[in-house]
Amino acid sequence: MADQEHTYKFNITMVCGGCSGAVNRVLSKLEGVKSYEVSLDNQEAIVVANPGLDYETVLKTIKKTGKTVNSGFVDGEARSIEIAE
């Protein structure tokens, strides 16, 4: 399982183009992202990640923008959006 790419989907509260732009910027710089799509209209980000990039890393990266992540999914299965400290 660790040698497969994964699709991570996040529902994110974004109210303007600046919000979606901030999420776009951090995902574009994150190592291990194969592809991604950020949709202001759908309030979501979908990330296709290479095998070495885990869900928690992507979640932390998105949360660093200050945007609220409302839900998260890994390969279609719901996951926690809480970050262990």
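Residue numbering for the sequence shown follows our numbering, starting at 46 and increasing by one per position. Note that beta-carbon positions come from the ideal geometry of N, C-alpha and C, so glycine has one too.
Under 6 Å Cβ to Cβ from residue i, same chain only, skipping five residues before and after it: list those, please.
i	result
V83	S65, V68, N69 and A90
S80	V93
L85	M59 and S65
L98	G77
Out of the options, which one is the CA nearest neighbour of residue i?
i	options	result
P96	G77, A129, T58 and V60	G77
L104	F55, Q49 and D120	F55
E50	K74, R124, A123 and V119	V119
S73	A123, S116 and T106	T106
N87	G62, E122, I126 and A123	G62
Can you list, in chain order, the residues of its chain with a C-beta nearer than 8 Å to that of residue i? Leave out the 5 residues immediately preceding and following it.
i	result
T113	I57 and T58
G117	Y53, K54, F55, N56, Y100, L104, A123, R124, S125 and I126
The ligand GTP and residue i: does the residue's C-beta get closer than 7 Å to at least one heavy atom of that ligand?
i	result
S125	Of ligands this structure carries none, so the ligand GTP is not represented either.
Taking the DSSP output, what are the residues bridged to residue i?
i	result
S84	E89
I57	V114
A94	H51 and V78
R70	Answer is none; R70 lacks a bridge partner.
Measure the alpha-carbon distance for residue i versus residue j and round it to whole angstroms.
i	j	result
Y100	I128	11 Å
D48	I126	23 Å
G111	A123	22 Å
M46	G121	Because M46 sits at a pLDDT of 47, beneath the cut-off of 50, its placement in the model cannot be relied upon, and the following sentence gives the value as read from the coordinates. Taking the straight line joining both Cα atoms gives about 15 Å.
L75	N115	21 Å
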